[in-house]
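Asks: To start, I am sharing the structure in question, which I have written as structure tokens.
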């Protein structure tokens, strides 16, 4: 339908995540590095008082804590404290590379104790973080961050600061650079239309804009 010679993407999502993915076609595939470095915005669903080995719902529960004394104000304070430069600890169950292979490969396929795998911390930027919802041990955060930020790491750090643990239960990527999910197109919609316009590669390089198909995907 689109006379495609090449197709690629500019960043995947975690298994529990859904949302915006930038699809690059033909010559635009050469610009994947530009799109990968763009800032991201996420909406994260959080469960407070629980810890797992993967820092999300996919893993085994390692601890449960009482959250009777955890107020919305305390949660907001913990979240706000991460704004700015954030030295994150990447999750062991992640695609972070170790000798060319994702870290999760060594745990799931090699049977290595995850406690023995130490991933190097790195600095990312949390531009904005706001509490959209808080009730009965559940919360929703909106986070604008630099590329390379693990939202699971942000949530885990909040749980550490609260002293009760916290895990990611859902994640939706809503923005990549200037691209917004509200202006995106699903693959189902693309099946019903034809490509009727072209955007020069030079304009993409200037403005980071082009012919992009963004798919809301649940894994």
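In our numbering, the protein residues as written are 160 to 378.
Ideal Cβ placement from N, Cα and C applies to all residues, glycine included.
1) Using the three-state DSSP reduction, which class does residue 261 fall into: helix, strand or coil?
2) Please return the same chain residues whose Cβ sits closer than 7 Å to the Cβ of residue 229, not counting the five positions on each side in sequence.
3) By how many angstroms is the C-alpha of residue 342 removed from the C-alpha of residue 332?
4) Between the beta-carbon of residue 310 and the beta-carbon of residue 238, is there less than 8 Å?
5) Here's the rule: buried if 16 or more other CB atoms are within 10 angstroms of the residue's CB, otherwise exposed. What is residue 250?
6) In chain order, what residues of the same chain lie with their CB nearer than 7 Å to the CB of residue 226, ignoring the 5 residues before and after it?
7) For residue 345, is the classification buried or exposed, using 16 other Cβ atoms within 10 angstroms of its Cβ as the cut-off for buried?
8) Which residues in the same chain as residue 276 place their Cβ atom closer than 8 Å to its Cβ, once the five residues preceding and following it in sequence are excluded?
9) Excluding the 5 residues preceding and the 5 following residue 273 in the sequence, name in chain order all residues of the same chain whose CB lies nearer than 8 Å to its CB.
10) Please report the Cβ distance between residue 199 and residue 334, rounded to the nearest whole angstrom; I am assuming they are in contact, meaning their Cβ atoms lie under 8 Å.
11) Please classify residue 201: is it buried, with 16 or more other beta-carbons within 10 angstroms of its beta-carbon, or exposed?
Replies: Once the coordinates are examined:
1) strand
2) 207, 321, 323
3) 13 Å
4) no
5) Around the beta carbon of residue 250, 16 or more other beta carbons sit within 10 angstroms, so the residue counts as buried.
6) 207, 208, 296, 323
7) Burial is judged here by how many other beta carbons sit within 10 angstroms of a residue's own beta carbon; residue 345 has fewer than 16 and is exposed.
8) 251, 257, 262, 265, 266
9) 212, 251, 252, 266
10) 7 Å
11) buried
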